[in-house]
Structure formats: C-alpha cells, structure tokens
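Chemist:
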Amino acid sequence: MTSRRFSPALLAAGLAMALAAAPTLAQTGGGATAAAPAAASSHEADRLVREFTALAGSPANAQALVAALRDGSTISLADTTPGATGTTTFPPDTGKMGYGDVKIALSLAEASLAKAGITAPTATELEAALNGGRLVMADGSAVDLKGVLAARAGGAGWGRIAADMGLKLGDVVRSPKHAGEVAEHGHHAHDKVARVELAHGHDHDAASHVARPEHVGKVDRPQRPDRPERPERPDRPDHPDHAGRPGG
16 MTSRRFSPAL LAAGLAMALA AAPTLAQTGG GATAAAPAAA SSHEADRLVR
66 EFTALAGSPA NAQALVAALR DGSTISLADT TPGATGTTTF PPDTGKMGYG
116 DVKIALSLAE ASLAKAGITA PTATELEAAL NGGRLVMADG SAVDLKGVLA
166 ARAGGAGWGR IAADMGLKLG DVVRSPKHAG EVAEHGHHAH DKVARVELAH
216 GHDHDAASHV ARPEHVGKVD RPQRPDRPER PERPDRPDHP DHAGRPGG
C-alpha cells in the first residue's frame, strides 16, 4: 500500500479554506430558513383575504381588514354601497392577533351579521359586529351586537363568545354565513337596517352612506339697518327777567 504524506503547510492551507467557506454556507442556510416563515405568512394572509372578500365588500377592504387585525392597527374600509364614496375608519378593540385568531374573529363577526339577516354588510355594520353596537331596523326593532373583538378584549375565549351568540365555534369556523343563517329565525331576514348605533358613540343612519351633496356656500348676513339719528334736543327757553322788588 502506498501512503501519501501531506506537508504541514498544505494541511494548514486546506483547513483555512474550509473555515472561510463555513460562514458563507451558514448564511445561505439561514436565509432560506428565514424566508420560509415569511412565505407561509403571506400565503395565510392571501387565503384569509380571499375567504372574507364578500364580507368586507371588496378585495382591497378584505386586505386592509386582515392586515389591521393582524397588526392591531386602525382599520380603514371604503364604503362599497352604490353611490357612496365615504370611508369608515376605526381602531379594533384588540391588539395584535395571529392569523388563526383573525380567521375566528372575522368568522364570528360574519355569523353574527348573518344571524341578523345581513349577508352583505356595510362598513359601519361590520364595525358594529367587531367592536359592538346596535342595528336599528326599519320596522323599529333592534339587534344588539356585543362585538367579537370587544368580548375578546374583555377576556372571553372564542368558544364562550360563540356560545353567547347561540352558536357553536366549530360550525362558525367551517361556514360562518351558514351557521348564522341557521341560528337566525327569520324575523329580521327581510328587514332593512335604518340606523347603526355604535358602542363607541358614533351613530350612522343608513341614508348617510349615500354621496353627500355639494357644499352650500355661506349665506351672507343681512346688513344691519342704519341706526336712526337722535332728534335734536330743543333749545332751552330763556328765563324771564327777574321782576324788580316793590319799592325798589
């Protein structure tokens, strides 16, 4: 058998090259590992946007809704009512949430609205379902919405929130609209919402969703009439001459 001998200098050079390559390999592996959760997070967000586009009224609204609930930031929804151009902005009652919690929260909100006979909510009605409020129907009846985020912020679990709504959490997560419609007894199915009273004190009439008329110019004030001149004071009559004393 033939044995090869390597000089100490050659061995040292090989070891140095191996050590130099190690950080590069570590960085490459770490980058791939870090990219995986980001890709999964983006995929989960996209899935929720598609799932709740009908609830939010548009893909842009659904994206804003999912992102705001995820980050705990202010929710801004464009009004999708025909003829309307306004925007509804409100902070969620909860802080940051995972995508699993975002799905449950939106599912419960959708089910609570479907239970009231609302399957295509306005932005204000959706705010009431999330943060709490009251839907006043055209016939004068009212539906109280405790708000799924308000209940969650108060310490209630998702299962308890669903039970308080008369729903089963599993049914809601599988099909929010169907679960709400099954629990709804039909007395609000054909009623129109006349007014939304929000838990935070900002009420909205249904008519307020239409486009606002052009701003009317400020009306000029009528001129104040001239102050009448004061009549001249009559001259003071002259005093008669003092009559002389008798015998003067």
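Going letter by letter, the sequence shown gives residues 16 to 263 in the numbering used here. Where is the CB? At the ideal position from N, CA and C, for every residue including glycine.
If I follow the unbroken alpha helix (DSSP H) through residue 75, where does it start and stop?
Modeler: Residue 75 sits at position 60 when you count from the first residue of the sequence shown. Counting along the chain, the alpha helix (DSSP H) containing residue 75 begins and ends at 74-86.
Chemist: Anyone know if the C-beta pair for residue 144 and residue 128 falls short of 7 Å?
Modeler: For the purposes of this step, residue 144 is taken as residue 129 along the sequence shown, with counting starting at 1. For the purposes of this step, residue 128 is taken as residue 113 along the sequence shown, with counting starting at 1. Yes, they are a contact pair.
Chemist: Can you give me the C-alpha to C-alpha distance between residue 67 and residue 182, rounded to a whole angstrom?
Modeler: Taking the first residue of the sequence shown as 1, we reach residue 67 at position 52. Taking the first residue of the sequence shown as 1, we reach residue 182 at position 167. When rounded, the distance between both Cα atoms is 19 Å.
Chemist: Got a sec? Which residues, its chain only, sit under 6 Å from residue 106 by beta carbon, not counting five neighbours each side?
Modeler: Here residue 106 refers to the residue found at position 91 of the sequence shown. Within the same chain, residue 106 has close Cβ partners 89.
Chemist: Sort out for me which residues DSSP pairs residue 103 with in a bridge.
Modeler: As a first step, residue 103 is located in the sequence shown; it is residue number 88 there, counting from the start. DSSP output for residue 103 lists 92 as bridge partner(s).
Chemist: Touch check for the segment 63-82 and the segment 132-146: three-plus C-beta pairs under 8 Å?
Modeler: Cβ pair count under 8 Å is three or more, so yes.
Chemist: I need the boundaries of the beta strand (DSSP E) containing residue 209, first residue and last residue.
Modeler: Counted from its first residue, the sequence shown places residue 209 at position 194. Counting along the chain, the beta strand (DSSP E) containing residue 209 begins and ends at 208-213.
Chemist: Assuming residue 81 and residue 124 make a contact with CB atoms under 8 Å, what is their CB distance in whole Å?
Modeler: On the sequence shown, residue 81 is found 66 positions in, with the first residue counted as 1. On the sequence shown, residue 124 is found 109 positions in, with the first residue counted as 1. Not quite, the Cβ-Cβ distance comes to about 12 Å (not below 8 Å), so this is no contact.
Chemist: Using the Cα positions of residue 103 and residue 96, report the straight-line distance between them to the nearest angstrom.
Modeler: For the purposes of this step, residue 103 is taken as the residue at position 88 of the sequence shown. For the purposes of this step, residue 96 is taken as the residue at position 81 of the sequence shown. Taking the straight line joining both Cα atoms gives about 12 Å.
Chemist: Have a look at residue 85 and residue 157 and give me their C-alpha separation to the nearest angstrom.
Modeler: The count along the sequence shown starts at 1 and reaches residue 85 at position 70. The count along the sequence shown starts at 1 and reaches residue 157 at position 142. Distance between the alpha carbons of residue 85 and residue 157: 31 Å.
Chemist: Using a Cβ-Cβ cut-off of 6 Å (strictly less than) and excluding sequence neighbours within five positions of residue 114, which residues of its own chain qualify?
Modeler: Along the sequence shown, one-based indexing puts residue 114 at 99. The answer, listed in chain order, is 59.
Chemist: Can you find the residues in the same chain that come closer than 6 Å, C-beta to C-beta, to residue 197, ignoring five residues on each side of it along the sequence?
Modeler: Residue numbering aside, residue 197 sits at position 182 when the sequence shown is read from its first letter. Nothing meets the Cβ criterion.
Chemist: Give the single residue among 55, 112, 77 and 57 whose Cα lies nearest to the Cα of residue 64.
Modeler: In the sequence shown, counting from the first residue as 1, residue 64 sits at position 49. Residue 64 has its Cα closest to that of 77, out of 55, 112, 77 and 57.
Chemist: I'd like the list of long-range same chain contacts for residue 79, defined as Cβ closer than 7 Å, with 5 residues on each side in sequence excluded.
Modeler: Position 64 of the sequence shown, counted from the start, is the residue given in the question as residue 79. So the list reads 90, 91 and 92, once near-sequence residues are dropped.
Chemist: I'd like to confirm something about residue 168: is its beta-carbon nearer than 6 Å to some heavy atom of the ligand HEM, or not?
Modeler: Among the components of this structure there are no ligands whatsoever, and the ligand HEM is therefore not found.
Chemist: Please report how far the alpha carbon of residue 56 lies from the alpha carbon of residue 184, in whole angstroms.
Modeler: In the sequence shown, the residue the question calls residue 56 occupies position 41. In the sequence shown, the residue the question calls residue 184 occupies position 169. Answer to the nearest angstrom: the Cα atoms are 24 Å apart.
Chemist: Going by CA-CA distance only, name the one from 136, 98 and 178 that's closest to residue 192.
Modeler: For the purposes of this step, residue 192 is taken as residue 177 along the sequence shown, with counting starting at 1. Of the candidates 136, 98 and 178, the one whose C-alpha sits nearest the C-alpha of residue 192 is 136.
Chemist: DSSP three-state label for residue 160, please.
Modeler: Numbered from 1 along the sequence shown, position 145 holds the residue referred to as residue 160. If DSSP states are grouped into helix, strand and coil, residue 160 belongs with the strands.
Chemist: What's the C-alpha gap between residue 150 and residue 160?
Modeler: For the purposes of this step, residue 150 is identified with residue 135 of the sequence shown, where counting begins at 1. For the purposes of this step, residue 160 is identified with residue 145 of the sequence shown, where counting begins at 1. If I take the Cα positions, the gap works out to 8 Å.
Chemist: Any idea what DSSP makes of residue 148, helix, strand or coil?
Modeler: Reading the sequence shown from its first residue, position 133 is the one you call residue 148. Note: residue 148 maps to strand in three-state DSSP.
Chemist: On the CB-based measure, 16 or more other CB atoms within 10 Å of its CB, does residue 61 come out buried or exposed?
Modeler: Indexing the sequence shown from 1 puts residue 61 at position 46. So residue 61 ends up on the exposed side.
Chemist: Report the rounded CA-to-CA distance for residue 208 versus residue 132, giving the unit in angstroms.
Modeler: In the sequence shown, residue 208 corresponds to position 193, counting from 1. In the sequence shown, residue 132 corresponds to position 117, counting from 1. Residue 208 and residue 132: Cα-Cα distance of roughly 10 Å.
Chemist: By a C-beta neighbour count over all protein chains shown, 10 Å radius and 16 as the cutoff for buried, is residue 110 buried or exposed?
Modeler: By 1-based counting over the sequence shown, the position of residue 110 is 95. With fewer than 16 other Cβ atoms within 10 Å, it is exposed.
Chemist: With a 10 Å radius around its C-beta and 16 neighbouring C-beta atoms as the bar for buried, classify residue 148 as buried or exposed.
Modeler: The residue you call residue 148 lines up with position 133 of the sequence shown. Looking at its Cβ environment, which holds 16 or more other Cβ atoms inside 10 Å, residue 148 is buried.
Chemist: Measure the alpha-carbon distance for residue 210 versus residue 94 and round it to whole angstroms.
Modeler: Indexing the sequence shown from 1 puts residue 210 at position 195. Indexing the sequence shown from 1 puts residue 94 at position 79. Distance between the alpha carbons of residue 210 and residue 94 is about 15 Å.
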